[in-house]
Amino acid sequence: MNRNEALEFLELSEEAADTQIKERVKELKAIYEQIIEESTSDFLRRINLIKLEKIQEILAAFPEWRAVTKQEAPAPVSEMEAVLSDMQGQAEEETTDATIILSYTSKPDDKDERPLSPAGWLIRHTEGKDISWYPLEAGPNYIGRKAPASLKNFILIDDDDYLSRVHAVIEVENEDGLQFYLNDIGGVKGEKPSRNGTYLNGHSKRVNAKARLDENDTIQIGITKFVVKYNQPGIDIGELCNEVAAGSYMNTVMIDV
């Protein structure tokens, strides 16, 4: 490796001074080592192992750029090759034009693993009523026509006289992936069943135990119907509402009044 090739990898000009080169080598080496140690992505680890190997090649060709401190001496090239051999496998055959990462503050995958907020929505899709939407947050989301002060995440429906004050609950759980569960309030320990029942996907049998909710399921409480939507990266709630509005209505379960 010649000087120009090394400087090109380090993204420095040919006029760069040795002190500047040492700082860049030290900076990149620390970044790559941190990503390799902390990343949960095998792909990112392989990329940065290859980059770290390139740094070691540069230091072998230009030892004067090696920044040695009292706290830490550079690892021998042979040791790094052993690490690469163990962790890369066949990664040498893979090529990438990935941009060199010049800063790093958190694990690359952390952002993707964080739950989205809201977790999803209920989109009202009831004959004779305008489309409207209600966010579903982590934990219990109660639905009814009168919100007690003690309950958080309450979806208030005040234009349906067939709802109980607290009628149903949707649990948003994230143990093995995001999942919603519907239950009539009577299914909650110590609570009385709703007056007119909770229904799922047009079935006349009342929901009286925890029921899993999937994308596009329809729930009915009173005479109000909602379509279930899970949040995903890039989702636009306006587009979801238009999609639901363009769809067919789920048949309404006739309730005793």
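This note's numbering numbers the first residue of the sequence shown as 11 and each following residue consecutively. Think of the CB as a built atom: it goes at the ideal place given N, C-alpha and C, for glycine as much as any other residue. Since the model is a prediction, treat every value here as computed from it, not as a measurement.
Contacting residues, own chain, Cβ-Cβ under 6 Å from residue i (five flanking each side not counted)
i    : result
L166 : A157
F164 : Y152, A157
R55  : I46, S49
Local conformation of residue i per DSSP, three classes
i    : result
L20  : helix
I133 : strand
I141 : coil
A165 : Note that residue 165 corresponds to Ile in the displayed sequence, not to Ala. Here I165 sits in strand by DSSP.
P73  : helix
N151 : strand
L126 : coil
N58  : helix
C-beta contact flag for residue i and residue j at 9 Å
i    : j    : result
L161 : N206 : no
R155 : R134 : no
E242 : L69  : Residue 242 is actually Gln in this sequence, not Glu. Cβ atoms of Q242 and L69: not closer than 9 Å.
T273 : L250 : The chain is shown from 11 up to 267; residue 273 falls before or after that span and cannot be answered.
P150 : E181 : yes
L192 : R222 : yes
Q230 : G212 : yes
H177 : S142 : no
Cutoff 8 Å; reference residue i; Cβ partners in own chain excluding five residues on either side
i    : result
I265 : Y172, N206, G207, G232, I233
L22  : Q30, I31, R34
Exposure of residue i, with buried meaning 16 or more beta-carbon neighbours within 10 Å
i    : result
R13  : exposed
N58  : buried
L62  : buried
K199 : exposed
Y11  : It should be pointed out that residue 11 corresponds to Met in this sequence rather than to Tyr. Under this definition M11 is an exposed residue.
Cutoff 9 Å: residue i Cβ touching any chain D Cβ
i    : result
K139 : Protein chain content of the structure displayed is limited to a single chain, and chain D is not contained in it.
(request) Entirely within the segment 169-249 and at least 3 residues each: give me those beta strand (DSSP E) ranges in chain order. (result) 178-183, 189-194, 208-210, 221-223, 228-231, 234-240
(request) Ignoring anything shorter than 4 residues or poking outside the segment 20-46, list the alpha helix (DSSP H) runs there in chain order. (result) none
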